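Below: one structure, written as C-alpha cells.
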Amino acid sequence: MDQQTGDAGVITVEQHRERVLAAVRPLESATMPVDAALGRVLRAPVRSAVDLPLFDNSAMDGFAVLFADVAGASAESPVVLDVVADLPAGTSRNPVLAPGQAARIMTGAPFPSAADTVVPFEDTAGGLADSLRRVTVVAAPRAQGAHIRPRAEECRAGDEILPAGTRLGGRQLAAAAAAGVTEVTVSRMPRVAVISTGDELQPPGAPLRHGQIPESNSALLAGLCGENGAEVVLRTWVGDDGDGLRAALADATALGADVVITSGGVSAGAYEVVKNAAPMRFDKVAMQPGKPQGFGDGTPLMFGLPGNPVSVAVSFEVFVRPALLAMQGAMVLDRLILPMRVHEAWRTPAGRRQYRPVVIERDGVRPASSGGSHLAASLGRADAYAIVPVEVDSVAVGDIVDVMLVS
Ligand code: AMP
Ligand code: MG
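The sequence shown lines up with residues 331 to 737 when you count with this note's numbering.
As C-alpha cells, then:
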C-alpha cells in the first residue's frame, strides 16, 4: 500500500517525477549570437561588457545647468540663463558652461561635465518654444544632480547580469544587447520525437467516417515542446496494430532524438500498442487526469503519456516539461503556483491529486470545462491548472486552491 494514496501499486506524482529527473542528463552547450538565442537556456552567466549606463546622461528633456545658478528659482523670482549649446541624444559634444549659462539637452544625451543638474522643460517659463537662446527657470531643482542618470548606476563592466540557467526571452535578450554582449553560451535544444497512437485518428482536415476523430495530441505536444525550448525532429502517427510503433521508434533514434513522447495506448484497454511494444515501465500515478504513465530511462528518454488530450497536457506539465528544462540546464523547473479563490464548485476524485484546467478571472478561477479529460476544445480556454490535494474530494465556491500558471 502506498502511504499517501492508500492504493496498492500506485505511486505519487513526486515519486514519478523524481524517477524522471534522475534519468535526465544535461545536453551539450554552444556559443551563438544573441539574436539567434531566443528560447535557449544560458549555460554560462552573461556579464556586462560595459558600464550601464555607459555615461552620465539626462533623464529628462530640458536644460543642463549649474545648481548654484538656479537653487533660488521660483515663480516669483525666476532665473534667466543663456542657452549656449544644444545636446540631442547621440551627440558627443561636451560644451563648456560658465555661471549663468545652460545647454539645452534631450533625454539620453551625454551630460556635460561642466554642469551638475537638469532643469526639465516643465520647470521653465517658455517650455520647448524659443528654448535655444534664453531659458527662464521658474522652479528650483530638488537637489544638485537632479534628473541625471549616473554612469554605472545599474552595473559595471564585468558584472553578472543574467545567471546560468536563465531562459532567454525578449527581456533577457534585450538586457544582453543593452550590455554590449553579442554572444551567449546556451544549451543545445532537446530533440523530441512526438508519436501519436490510435486506429481512430485521422490527420486534421481529413474526411472522417463515423468513429474517427482528428489527431490533435501531436499538435499539443509539438506546441508545448516548442514553447519550452525543444525542437521537434519527428511528428508522426501510428496505428494500434502492426509494426508502426517499432518503426517510428527506430526513426526517432535515427534522427538523434533525445526524447520520445508517445500518447495513447498505455491504459487498461484491449489495444494498448505502447504498453505492449515500447521499452518503458508502466506505472499508475495518483493523479487525475494522467493516471497511467509509461517511462523509459534509456536513450532516448521515453514518455508514454495517456491518450486523452487533457491527460496529455497535464502529464506534459508535470513530468515532461521539467525534464526538457533540466536537460537544458534551466535554473527553474517548476511553473509559478499561486493560491487563488474558486468561483465555481467541482468534485475531485479521492486518492488522486487533481490537476483541473481553469480559466483565470479577475480575482479567482473557474473550471475551463464541465470536467472530463476528453474535452479537448475547452483546453484551449484554460490559463492554468488548479491543483487539488489527494485527500480533498470536493472544491467549494470561496475555497482557496493552488493554481499552476501555464500561460
Ligand atoms: P487511449 O489511451 O489510446 O485509449 O486513448 C484515450 C482517448 O484519447 C481515446 O478516446 C482516444 O481516441 C483519444 N486520443 C488518443 N490519442 C489521441 C490523439 N493523438 N489525438 C486526439 N485524441 C486522442
Ligand atoms: Mg488508443
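Backbone N, C-alpha and C fix where the C-beta goes; we use that ideal spot for every residue, glycine too. Bear in mind the structure is a predicted one, so any value in this text is a computation, not a measurement.
- Query: On the three-state DSSP scale, how would you describe P408?
  - Reply: coil
DSSP state of G336 mapped onto helix, strand, coil
Note that G336 scores a pLDDT of 48, beneath 50, so its modelled location is shaky and nothing firm can be said.
**OP:** Can you tell me the Cβ-Cβ gap for P755 and M661, rounded? I've got them flagged as a contact below 8 Å.
**Re:** A question about residue 755 goes unanswered here, because the residues of the chain that appear run from 331 up to 737.
Handout entry: Cα-Cα separation, G637 to S388
Key = 59 Å
Practice prompt. Look at the Cβ atom of I591, then the Cβ atom of V640, and state whether they are nearer than 8 Å.
Written response: no
Between which two residues does the beta strand (DSSP E) holding S517 run? E513 to S517
task = Ignore the nearest five residues each way along the sequence and tell me which others in S699's own chain have a CB closer than 7 Å to its CB.
result = P687, L705 and S708
Q: Just mark G553 as buried or exposed, buried being the case when its beta carbon has 16 or more other beta carbons within 10 Å.
A: exposed
For D571, verify whether its CB is less than 7 Å away from any heavy atom of ligand 2.
no
- Limits of the alpha helix (DSSP H) - the one that S593 falls within: Unbroken run through S593 is the beta strand (DSSP E), V589 to S593; no alpha helix (DSSP H).
- Item | Cβ-based neighbour list, G336, same chain, cut-off 8 Å, excluding 5 preceding and 5 following | Residue placement at G336 is flagged as unreliable, the pLDDT there being 48, under the threshold of 50; a coordinate-derived value is accordingly withheld.
Worksheet item: Do R370 and V516 have their CB atoms nearer than 8 Å?
Response: yes
Assign M271 to one of two classes, buried (16 or more other C-beta atoms within 10 Å of its C-beta) or exposed (fewer than that).
A query on residue 271 cannot be resolved here, the shown segment of the chain reaching from 331 to 737 and no further.
* **For P383 and E483, believed in contact at Cβ under 8 Å, the rounded distance** => 6 Å
By how many angstroms is the C-alpha of Q345 removed from the C-alpha of A353?
13 Å
beta-carbon T527 near ligand 2 non-hydrogen atom, thresh 7 Å
yes
For this session: Could you pull the start and end residues of the alpha helix (DSSP H) that V603 belongs to?
Result: V603 to A607
From this set, E348, T342 and V343, which residue's C-alpha is nearest D627's C-alpha? E348
Where E647 and V718 are concerned, what is the direct C-alpha to C-alpha distance, given to the nearest angstrom? 15 Å
* Same chain, Cβ closer than 8 Å to Y715, five either side skipped, listed in chain order -> V644, E647, Y685, R686, P687, V688, V733, M734 and V736
Q.
What does the alpha-carbon distance come out to for the pair R501 and K621?
A. 38 Å
Practice problem: With a 10 Å radius around its C-beta and 16 neighbouring C-beta atoms as the bar for buried, classify S407 as buried or exposed. | Solution: exposed
Legend entry - C-alpha distance - S724 paired with I690, whole-angstrom precision: 19 Å
Q. Which two residues bound the contiguous beta strand (DSSP E) that contains D626?
A. This sequence places Gly at residue 626; Asp is not what is there. First-last of the beta strand (DSSP E) with G626: P622 to G626.
**Asked** Bridge partners of Q684, per DSSP?
**Response** Q618 and V718
query = Under a Cβ-count criterion, where at least 16 other Cβ atoms within 10 Å of its own Cβ denotes burial, should D570 be classed as buried or exposed?
reply = buried
Quiz item: Does any heavy atom of ligand 1 sit closer than 7 Å to the C-beta of G702?
Solution: no
Residue from P679, A366 and V727 whose Cα sits closest to the Cα of M519: A366
Local Cβ density within 10 Å of D391, reported as buried at 16 or more and exposed below that: buried
Open item on the list: Taking 6 Å as the limit between beta carbons, can you name the residues of its chain near G594, skipping five residues before and five after?
Closed with: T527, G528 and G637
**Request:** Determine the extent of the beta strand (DSSP E) in which V644 is found, giving its start and end residues.
**Result:** No beta strand (DSSP E) holds V644; the alpha helix (DSSP H) holding it covers P639 to S645.
Checklist entry - What residues in its chain sit with their C-beta under 8 Å from that of A738, if we drop five residues either side in the sequence? => result As shown, the chain starts at 331 and ends at 737. That puts residue 738 outside it, with no answer to give.
Report all residues from its chain with a CB closer than 7 Å to the CB of R576; omit the five preceding and five following residues, and keep chain order.
-> A607
Below 7 Å, is the gap between the Cβ of P636 and the nearest heavy atom of ligand 1? yes
**Prompt:** Excluding the five sequence neighbours on either side, which residues of its own chain have a C-beta within less than 7 Å of the C-beta of R671, listed in chain order?
**Reply:** D693, G694, G728 and I730
#### Entry: Assigned secondary structure, S724 (DSSP; H/G/I helix, E/B strand, else coil)
strand
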